[in-house]
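Scroll down for the structure; my scribbles are underneath it.
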Amino acid sequence: MSATYGTTFASLRAGAGTVWTDYSEHTFVEGLRTGTLPRASFVHYLIQDYVFLVHFSRAWSLGVVKSETLEEMKVCAGTVDALVNHEMALHVKTCAAEGITEDQLFGATEAFENLAYTRYVMDAGLQGDFLDLMAALAPCVFGYGEIGTRLFRTMATDTPYRDWIDTYAGAEYQEVCTTVGAMLDAAVTRRLGAAPQDSPRWDALQKRFTTATALEVGFWDMGLRGT
Ligand SMILES: Cc1ncc(C[n+]2csc(CCO)c2C)c(N)n1
Numbered sequence: 588m589s590a591t592y593g594t595t596f597a598s599l600r601a602g603a604g605t606v607w608t609d610y611s612e613h614t615f616v617e618g619l620r621t622g623t624l625p626r627a628s629f630v631h632y633l634i635q636d637y638v639f640l641v642h643f644s645r646a647w648s649l650g651v652v653k654s655e656t657l658e659e660m661k662v663c664a665g666t667v668d669a670l671v672n673h674e675m676a677l678h679v680k681t682c683a684a685e686g687i688t689e690d691q692l693f694g695a696t697e698a699f700e701n702l703a704y705t706r707y708v709m710d711a712g713l714q715g716d717f718l719d720l721m722a723a724l725a726p727c728v729f730g731y732g733e734i735g736t737r738l739f740r741t742m743a744t745d746t747p748y749r750d751w752i753d754t755y756a757g758a759e760y761q762e763v764c765t766t767v768g769a770m771l772d773a774a775v776t777r778r779l780g781a782a783p784q785d786s787p788r789w790d791a792l793q794k795r796f797t798t799a800t801a802l803e804v805g806f807w808d809m810g811l812r813g814t
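Quick note on my numbering: the sequence shown kicks off at 588 and runs consecutively.
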C-alpha cells in the first residue's frame, strides 16, 4: 500500500519501526473503524484538528518559500489551497452540526500536544531546508492516506465516522498522496542523489519523520482523552 506513495515514504515508514503502527493502528483509529469512538472525543479531536490544519497550512506555505523547483512550488501551493479551501470544510460542517461556529474553531485554545506537533514541524522547516520540512510533514499526509484506505476496506457498515473515512479513502485525497509522494522522491534525488540512505543527512531526516510520527500518536492520545 505504502509503495504507491513513493520509495522515500516506504523507507522512512520502515525506519520508524513500531512508532508507525502506534500511529496508524491507534485506539482512536480503531474507534473510527468500529464506530465505538465516543462522539465527544471525535468532536474534541475535530476542533483541535481545525487549529492543527491552520498551522499546517502555514507550514506548507513555508514549503513554497523553501522550494527549489516549480514542481515543488506547485505541489506545496496546491496543498495550501486544498487545506484552506477544502479539507477544513469537513471540520466546519461536522462542528456546525454540533452548534460550533467557524469563528469558535479558529479561536479554539490549542491542546499542548497540538501545539507541540505543529510548531515542531514549523521549526523543522525554519531551521532546515525543504527536505527537513517534508520529512516532518510526511507522516501526516501519507499516514491519513494509509489509514483512510485500510478503514474503508474494514470499517463497520454502521460506523458514524464514514464521512471522515470517505474523505481520506477517496480518490481525490489518494491522488494528493501519490502526487506528494512523487514530488518527495524527486526532491530527495535532486538533493541527495540516487542512494539517499547513504547520505550523511539521512539519519536526521529519519529522526524528523519518526518524531513527527510520535507526535501523531500524541495527537490521537489527546483526542481520546477529550480534554
Ligand atoms: C493530526 C492530523 N494529522 C494529519 C492530518 C491529515 N492532514 C493534515 S494536512 C493534510 C493535507 C496534506 O498535508 C492532511 C491530509 C490531520 N488532518 N490531522
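Where a beta carbon is used, it is the ideal one built from N, C-alpha and C, also for glycine.
Every unbroken stretch of the alpha helix (DSSP H) spanning 4 or more residues and falling wholly within the stretch 602–688 is given here in chain order: 605–611, 614–621, 626–653, 657–669, 675–683. Minimum Cα-Cα distance from T736 among the listed residues T754, F806, L713, L771 corresponds to T754. For ligand 1, a non-hydrogen atom lies closer than 6 Å to the CB of V728. In this structure, the C-beta of F629 stays at least 6 Å away from each heavy atom of ligand 1. Exposure of H673 is indicated by the presence of fewer than 16 other C-beta atoms within 10 angstroms of its C-beta. For G730, the enclosing alpha helix (DSSP H) begins and ends at 717–741. Between F615 and A725, the C-beta spacing is not below 7 Å. Taken through DSSP and simplified to helix, strand or coil, D745 comes out as coil. By the Cβ-count criterion, D719 is buried, with 16 or more other Cβ atoms from all chains shown falling within 10 Å of its own Cβ.
Here the alpha carbon of P783 sits roughly 25 Å from the alpha carbon of L802. Taking all protein chains shown into account, L657 has fewer than 16 neighbouring C-beta atoms within 10 Å of its C-beta and is therefore exposed. Between M709 and the set F639, F693, L771, the nearest pair of CA atoms involves F639.
By the C-beta density criterion, A711 is buried, having at least 16 other C-beta atoms within 10 angstroms.
Going by DSSP, D808 is part of the alpha helix (DSSP H) stretching over 789–812.
Per the coordinates, the alpha-carbon of M742 lies some 5 Å from the alpha-carbon of R620. D668 counts as exposed, since fewer than 16 other beta carbons sit within 10 angstroms of its beta carbon.
In this chain, the alpha helix (DSSP H) harbouring A773 covers 758–779.
Per DSSP, reduced to three states, the secondary structure at A698 is coil, with no helix or strand assignment.
Just measuring C-alpha positions, the residue of M809, Q761, H678 sitting nearest W751 is H678.
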